[in-house]
Each structure stands twice: as C-alpha cells, then as structure tokens.
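Undergrad:
2 protein chains.
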Amino acid sequence: MIFKERGLLLVLSGPSGVGKGTVCRALREDEDNNLHYSVSCTTRKPREGEIDGVHYFFKTRDEFEHMIENNQLLEHAEFVGNYYGTPVDWVNKILDEGKDVILEIEVQGAMQVKEHFPEAVFLFLAPPSLQELRNRLIGRGTESEEVIKQRLLVAKEEIEMMDAYDYVVTNDEIHKACDRIQAIVTAEHCSRERVASLYKKAMEVK
Amino acid sequence: MIFKERGLLLVLSGPSGVGKGTVCRALREDEDNNLHYSVSCTTRKPREGEIDGVHYFFKTRDEFEHMIENNQLLEHAEFVGNYYGTPVDWVNKILDEGKDVILEIEVQGAMQVKEHFPEAVFLFLAPPSLQELRNRLIGRGTESEEVIKQRLLVAKEEIEMMDAYDYVVTNDEIHKACDRIQAIVTAEHCSRERVASLYKKAMEVK
Numbered sequence: 001m002i003f004k005e006r007g008l009l010l011v012l013s014g015p016s017g018v019g020k021g022t023v024c025r026a027l028r029e030d031e032d033n034n035l036h037y038s039v040s041c042t043t044r045k046p047r048e049g050e051i052d053g054v055h056y057f058f059k060t061r062d063e064f065e066h067m068i069e070n071n072q073l074l075e076h077a078e079f080v081g082n083y084y085g086t087p088v089d090w091v092n093k094i095l096d097e098g099k100d101v102i103l104e105i106e107v108q109g110a111m112q113v114k115e116h117f118p119e120a121v122f123l124f125l126a127p128p129s130l131q132e133l134r135n136r137l138i139g140r141g142t143e144s145e146e147v148i149k150q151r152l153l154v155a156k157e158e159i160e161m162m163d164a165y166d167y168v169v170t171n172d173e174i175h176k177a178c179d180r181i182q183a184i185v186t187a188e189h190c191s192r193e194r195v196a197s198l199y200k201k202a203m204e205v206k
Numbered sequence: 001m002i003f004k005e006r007g008l009l010l011v012l013s014g015p016s017g018v019g020k021g022t023v024c025r026a027l028r029e030d031e032d033n034n035l036h037y038s039v040s041c042t043t044r045k046p047r048e049g050e051i052d053g054v055h056y057f058f059k060t061r062d063e064f065e066h067m068i069e070n071n072q073l074l075e076h077a078e079f080v081g082n083y084y085g086t087p088v089d090w091v092n093k094i095l096d097e098g099k100d101v102i103l104e105i106e107v108q109g110a111m112q113v114k115e116h117f118p119e120a121v122f123l124f125l126a127p128p129s130l131q132e133l134r135n136r137l138i139g140r141g142t143e144s145e146e147v148i149k150q151r152l153l154v155a156k157e158e159i160e161m162m163d164a165y166d167y168v169v170t171n172d173e174i175h176k177a178c179d180r181i182q183a184i185v186t187a188e189h190c191s192r193e194r195v196a197s198l199y200k201k202a203m204e205v206k
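Quick mapping for you: the protein sequence lines, in order, are chains Y and A. Under the numbering used here, the letters of the first sequence match residues 1 to 206, in that order. Under the numbering used here, the letters of the second sequence match residues 1 to 206, in that order.
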C-alpha cells in the first residue's frame, strides 16, 4: 500500500525550562489524538520495571556507536556518561503505518533531526514570558530599564532560535498549547503539497 | 498600535458545486470563531431589506468601474449584467483590527486575489468524490473502465486547480470541513514567520 498517507514527524523543542515534557505528557494522556511517542535508544542500564522496546531500546556502547557511524539515529547526545538517541528505523516504521510521531528534544537535538529529516514539522515551544515582554515593550512599561535590558538579552536569543522552526507555540497554558499543536497536526495533513501528491500518485495507477 | 497582530485573509474556493457556500454558512453560524465575512460591492439594485454596508456595498456602474481602474478590488466578476467584487479597503480595515476575514469565491476570483494579495491563505475545498476515486483506484476497483476514465478526466482538472492553493480541505462532512478550516486558522497564527516577525518588531522598540 504505497499510496497510504504517511504519518508526520513532529519535533517539539524550545528553550530549557519551557515545559516541553509537561506539554508532551498532556498530549500523550489525551486519547483523542493519533500521536505516537518516540522510543529512544540508550546505553544506560534498565531500571526496575523498564522494558526494552517500550521505555527504551537498551544498547551497549559499541552498538550505539555503530548506530551513530551508520546514520541510524535521527539525533543523539551524551548525558552524564550515557548515550541517548532516536532510532531512524523505528520512526520510519511508525510513519509508514500512517501514524504521526512526536519527538520531544532539546534545541541541539532538533537541529540534528533537521539535518537528517528536513521534512519533519518543527515546533518551537515559547515561554509566556516572551509574550509578556512583548506586551510590556509595546504597552506602557512598568519595569526598570535594567530588568527590561536583561530580559531582552534572553528574549533575543530565544527569537534567534526560532528561525529554524516552522511554528511557534506559546506555552501560556498547557491545554491551550496542546490545542494549538493538535491544530497544527490537522493543518499539516491538509497541506496542498501533501494532499495533491497523494492524489497524483493514485492517478498514476491508471 | 502597529505591533498588534494583523488578521489573516482566508480565501475559500474550489470547483463549482463542492459546497463552498454551505461550509461558509456553517462557519458563520459558529460563534466560537473569530472569522469575519467579506462584504462585496455590487452594481445590482438592493433588494427588499438589504442594507448598504451590511449585505453589500451598492455602487453605480461608473463607481464600480472607477474602483476596477484604481485597483480598489481584490477580485471582481460580471454576473448576469451586474458587477460583483471585494473592496480591498474594507478587507484591510478588518485585518488591521486583528480580525480574520474569510472570502468565499470561485476559482477565477481566487486567482485574482492571489495576484493582489499573495499573503492570503488559500484553501481549496475538494469534493469527497476525489477521495472516493482515489480509494477506488488504489483499492479493488468495482467500476467499469469507462466510468473510471470519465471521473479521472474531471479529477485531473481538479488536482491541477489545487496547485495555486496552500491547503486542500476535503468536504466529506460539513462539520469536519469546518473543523479543518479552524485548525488551519489556528496553525497559521502560529506560523514562525508570523510570530517571529511580531516579536522582532516589538524588540526594535528598545
């Protein structure tokens, strides 16, 4: 069934502390969506109750390094002496089943995914402080010059980070951020490139 | 307030008979959205109860032709001896108020809007027959060769039409089509170009 609609790979990232994990958990708990969650590979030892292929794919250091060399990871990072990474085969398998996959990762990881998988949809989760700062800058400012200056430095970095993303989702309230993400998934499934290419492929059969 | 978020112009079009009017009416009746409906100019005489500026902007033929010459219409067409068109000033005024505007027009009109207002979001409403045809072509076909051939001709034209649009919304069920359109509006408000440029403008204040 080569004409079946392939799932979307969504990459949810953003500055540390913005609440990526919380938003991702909320999406996972909502049974109304068709989102599947990435299972990572790791060289860390399994903890009590952790199942290989469910919580993680557990790998030896040699196996993991072999995967890196053979481009079998969408992204990877080392964290307190252990490797963590996203296996490309697993992601492709789920996408081929027509399911959407969501990957929650740090900014550096997201940029690695962009290199290996540019057709993914990149979502930048933005802190509400950015929105507040914006409102304050364009409204009547009540903060001191010094406070505003400091915030502007952080904000400028965050805004520069956005450039590599397709969407910016403000995490003002978790349920609102989740609704926006689900709307983006629906919209992306309606994108003309996607729908028209499916029709064109079907027409070629005749 | 130059940094206020400007509304989106949505152009809903598609082959004749696909149900553009019905979908647009359903969106209009739903009070949950922020969509505003375009008021057209026309040279047709007002009917009983029709109010200038509410149902139409009523114009003389001279006034209308003057608007065409001065590029004051996003699109226009002549229909049984009367002109109909969308006044660009009115649309810009509503967008500047931060409201989204939806315009329901024929394919030719949509292409005129694209010329005058390329930043609009173009939605192609697709007949469910296209989806059914696709399923039949890739599944087990039960129709005769002749029927399939005839449908393919129509489908090819429809698929070619799609090329100028940003999204394809299948009108399988009215409420589903409306949900998809609302999701597209939400997603477009999260587009990185849009959000990042608003932040960048706000930062320039300092």
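Heads up, the beta-carbon is just placed ideally off N, CA and C, and yes, glycines get one too.
(1) Could you please give me the residues that DSSP links to Ile184/A through a beta bridge?
(2) For Glu160/Y, list the residues DSSP reports as bridge partners.
(3) Kindly list the residues whose CB is nearer than 8 Å to the CB of Gly28/A, restricted to its own chain and excluding five residues on each side of it in sequence; keep chain order.
(4) List, in order along the chain, the chain A residues whose C-beta lies closer than 8 Å to that of Ala196/Y?
(5) Starting from Asp100/Y, follow the beta strand (DSSP E) in both directions and report where the run begins and ends.
(6) Name, in chain order, the residues that DSSP records as bridge partners for Leu208/Y.
(7) Between the stretch 170–181 of chain Y and the stretch 116–126 of chain Y, do at least 3 Cβ pairs fall closer than 8 Å?
(8) Identify the continuous alpha helix (DSSP H) that holds Glu24/A and give its terminal residues.
(9) Based on Cα-Cα distance, which residue from Val113/A, Leu198/A, Glu104/A lies nearest to Gly21/A?
(10) Select from the stretch 44–66 of chain Y all residues with a C-beta closer than 9 Å to any C-beta belonging to chain D, and list them in chain order.
(11) Assuming the contact rule is C-beta atoms closer than 8 Å, Ser13/Y and Ala110/Y should be a hit. Round their C-beta distance to whole Å, please.
(12) When you compare the CB of Arg192/Y with every CB in chain A, is at least one pair closer than 8 Å?
(13) Tell me, please, whether the CB atom of Lys200/A is closer than 8 Å to any CB atom in chain Y?
(14) Determine which residues of the stretch 105–125 of chain Y have a Cβ less than 9 Å from any Cβ of chain A, and write them out in chain order.
(15) Pick from Lys149/Y, Ala77/Y, Arg180/Y, Ser16/Y: whose alpha carbon is nearest that of Arg44/Y?
(16) Drop a sphere of 10 angstroms on the beta-carbon of Asp62/Y, count the other beta-carbons inside from all chains shown, and report buried for 16 or more, exposed for fewer.
(17) Within 8 Å of any Cβ in chain A, is that where the Cβ of Lys20/Y sits?
(18) Given that Ile102/Y touches chain A, what residues does it touch there, using C-beta distances under 9 Å?
(19) In the DSSP assignment, what are the bridge partners of Asp52/A?
TA: Taking the definition as stated:
(1) Bridge partners of Ile184/A: none, in fact.
(2) None, per the DSSP bridge assignment.
(3) Residue 28/A is actually Arg in this sequence, not Gly. The beta carbon of Arg28/A lies closer than 8 Å to those of Leu35, Tyr37 in the same chain, with the five residues before and after it left out.
(4) At a beta-carbon threshold of 8 Å, the residues of chain A lying near Ala196/Y are Ile159, Met162, Asp163, Val168, ordered along the chain.
(5) Residues 100–104.
(6) What is shown of chain Y runs 1 to 206, which leaves residue 208/Y out entirely.
(7) Yes, the stretch 170–181 of chain Y touches the stretch 116–126 of chain Y.
(8) The question names Glu, but residue 24/A is Cys in the sequence shown. Segment 20–29, the alpha helix (DSSP H) holding Cys24/A.
(9) The shortest Cα separation from Gly21/A among Val113/A, Leu198/A, Glu104/A belongs to Glu104/A.
(10) Of the protein chains in the structure, Y and A, none is chain D.
(11) Confirmed, Cβ separation roughly 4 Å.
(12) At least one C-beta of chain A is nearer than 8 Å to the C-beta of Arg192/Y.
(13) Cβ-Cβ to chain Y under 8 Å: yes for Lys200/A.
(14) Those residues of the stretch 105–125 of chain Y that come within reach of chain A (Cβ to Cβ, closer than 9 Å) are Phe122, Leu123, Phe124.
(15) Ala77/Y is the residue among Lys149/Y, Ala77/Y, Arg180/Y, Ser16/Y whose C-alpha sits nearest the C-alpha of Arg44/Y.
(16) So Asp62/Y ends up on the exposed side.
(17) Not one beta carbon of chain A lies nearer than 8 Å to the beta carbon of Lys20/Y.
(18) Chain A residues near Ile102/Y: none, gap ~15 Å exceeds 9 Å.
(19) Asp52/A is bridged to Tyr56/A.
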